[in-house]
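Quick note on the numbering used here: the sequence shown kicks off at 5 and runs consecutively.
For glycine and all other residues, C-beta sits at the position ideal for the given N, C-alpha and C.
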Amino acid sequence: MSPNETLFVESTSRVRKESVVSSMDLEIWDFPGHLDLDDPSFDAEEVFSGSTALVFVIDAQDDYLEALQRLYTTVTRAHKVNPDISFEVLIHKVDGLSDDHKIETQRDIHQRISDELADAQLDNIHLSFYLTSIYDHSIYEAISKVIQKLIKQLATFENLMNILCSNSGVEKAFLFDIMSKVYIATDSSPVDMQSYELCSDMIDVIFDVSSIYGPAQDAPVSPVSPNPGNGEGHAVIKLNNGMVLYLREVNSYLSLVCLLREDNFEKQGLIDYNFRCFQEGILDVFNLRKFGAGALKDKYPQCNGVGGFHAS
Ligand SMILES: Nc1nc2c(ncn2[C@@H]2O[C@H](COP(=O)(O)OP(=O)(O)OP(=O)(O)O)[C@@H](O)[C@H]2O)c(=O)[nH]1
């Protein structure tokens, strides 16, 4: 959805549950802003006990004192029911604020909510804060980080990506869930916003070109291959600064997007070979997650199912 289209999204009047078709099994519950947690019809046990993350959105262009009160009530209620839930606070619509004002707003919100929690001796509750806007990539970046916290195998993915990058001359790589443009993993070098935006924009370019000129598809699947899901789809964009963007389909939902120097891309055969090893490792981890350790016992007799699997 483009930012302009959000103008026509209807206001949330009741709790809406949506299952997300993607590489992960996600169910998102959207709550109306005016929801009264003290209403007897609100079943906190049902809502919070099975949840893994609570995302609270604060409108940074509005007076946020009332929102902070709601945040406090929501967080304390949820924590009481489910102490394992992670709390993610999006300080949203920051495009209307200057850089200094953004930092000041985040500091102020952080300080006020931390003080309230400390007064109630609940300073063991940890909240993460993100400055977001739909007018740049910050919203995707924030949601990516929220999703990554839910992935138990994140360290394995990161490890596989580090091995791929260091053996293929890749500067930065992101494993994207293509439909949502959320990246579920990256290598451990720091994420700079510019590389992330380039890689993320590549998904849009390929998606747009493919949806206009590619074969007709009725299901939401990978746009980069005529046989989506067979892991063969790829695309290359050479940039005018001597860098190359290389996209490879991992499966129907996931694609790897790499940023590397043009000189290093001369060894494309090596990169493709390394990519296939990487792809196999990633798919093995997904199978392990879905079908348990038994799914890999034949292939990797040393696999013990709980972190004992080394895909490299
Ligand atoms: N400037 C700016 N506007 C945004 C952003 N995100 C959403 N909007 C606009 O905000 C409007 C809807 O916002 P809100 O009324 O705050 O939405 P909400 O509070 O989630 O609405 P409910 O569904 O009623 O809870 C739409 O017109 C969007 O275009 C953003 O990052 N920046």
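query                                                                                                                                                                                 : result
Helix, strand or coil for Pro-230, going by three-state DSSP, please let me know.                                                                                                     : The predicted model places Pro-230 with a pLDDT of 49, which falls under 50 and marks its position as unreliable; any figure quoted below should be read in that light. DSSP places Pro-230 in coil when its eight states are reduced to three.
Ligand 1 and Lys-97: does the residue's C-beta get closer than 6 Å to at least one heavy atom of that ligand?                                                                         : yes
Is Tyr-257 helix, strand or coil by DSSP?                                                                                                                                             : coil
Which residues does DSSP pair with Arg-20 in a beta bridge?                                                                                                                           : Asp-34
Give the straight-line distance between the Cα atoms of Leu-264 and Val-93, rounded to the nearest whole angstrom.                                                                    : 34 Å
Could you say which of Ala-189, Ser-192, Asn-171 and Gly-237 lies nearest to Ile-210 if we only look at CA atoms?                                                                     : Gly-237
Nearest to Gln-157 by CA position, among Ile-182, Tyr-76 and Thr-190, is which residue?                                                                                               : Thr-190
Does the beta carbon of Ser-102 fall short of 6 Å from some heavy atom of ligand 1?                                                                                                   : no
Buried or exposed, going by whether 16 or more other CB atoms sit within 10 Å of the CB of Ala-71?                                                                                    : buried
Would you list the residues sitting across from Arg-252 in a DSSP beta bridge?                                                                                                        : His-238 and Leu-260
Could you name the residues of the same chain whose beta carbon sits closer than 6 Å to that of Ser-160, not counting the 5 residues immediately before and after it, in chain order? : Note on residue identity: the sequence assigns Thr, not Ser, to residue 160. Counting only Cβ-Cβ distances below 6 Å, and skipping sequence neighbours, we find Val-289.
Could you please give me the residues that DSSP links to Thr-190 through a beta bridge?                                                                                               : Phe-178
Count the other CB atoms within 10 Å of the CB of Thr-16; is the residue buried (16 or more) or exposed (fewer)?                                                                      : exposed
Thinking Val-240 and Val-248 are a contact (beta carbons under 8 Å), I'd like their distance in whole angstroms, please.                                                              : 6 Å
What residue range does the alpha helix (DSSP H) around His-105 cover?                                                                                                                : 103 to 123
Per the DSSP calculation, Tyr-134 is bridged to which residue(s)?                                                                                                                     : Leu-94
Does the Cβ of Ala-142 lie closer than 6 Å to at least one heavy atom of ligand 1?                                                                                                    : Note that residue 142 is Ser in the sequence shown, not Ala. False, no ligand heavy atom lies under 6 Å from that Cβ.
Use the C-beta contact count for Tyr-4: other C-beta atoms within 10 angstroms, 16 or more gives buried, fewer gives exposed.                                                         : One cannot answer for residue 4 here, as it falls past the ends of the chain, which runs 5 to 316.
Give the secondary structure of Ile-336 by DSSP, where H, G and I count as helix, E and B as strand, and everything else as coil.                                                     : Only positions 5 to 316 of the chain appear in the structure, and residue 336 is not among them; the question remains open.
Cβ of Asp-63 versus every heavy atom of ligand 1: is any distance shorter than 6 Å?                                                                                                   : yes
Excluding the 5 residues preceding and the 5 following Asp-172 in the sequence, name in chain order all residues of the same chain whose CB lies nearer than 7 Å to its CB.           : Note on identity: in this sequence residue 172 is Ser, with Asp being the wrong assignment. For Ser-172, where only same-chain residues beyond five positions count, the Cβ hits under 7 Å are Leu-274, Ile-275 and Asn-278.
Using a 10 Å radius around the Cβ and a threshold of 16 neighbouring Cβ atoms, would you call Ser-204 buried or exposed?                                                              : buried
Starting from Tyr-139, trace the alpha helix (DSSP H) in both directions and tell me its first and last residue.                                                                      : First-last for Tyr-139: undefined, no H or E at that position.
How many Å lie between Thr-363 and Gln-115 at the Cα?                                                                                                                                 : Residue 363 lies beyond the range of the chain shown here (5 to 316); nothing can be said about it.
Please check if any C-beta of chain D sits within less than 7 Å of the C-beta of Leu-30.                                                                                              : Here chain D cannot be found, since the structure has a single protein chain.
If you draw a straight line from the C-alpha of Ser-32 to the C-alpha of Phe-91, how long is it?                                                                                      : Looking at the sequence provided, one finds Ile at residue 32 rather than Ser. Taking the straight line joining both Cα atoms gives about 15 Å.
Apart from the five residues just before and just after Ser-148, which ones in its own chain have a Cβ nearer than 6 Å to its Cβ?                                                     : Val-186 and Tyr-187
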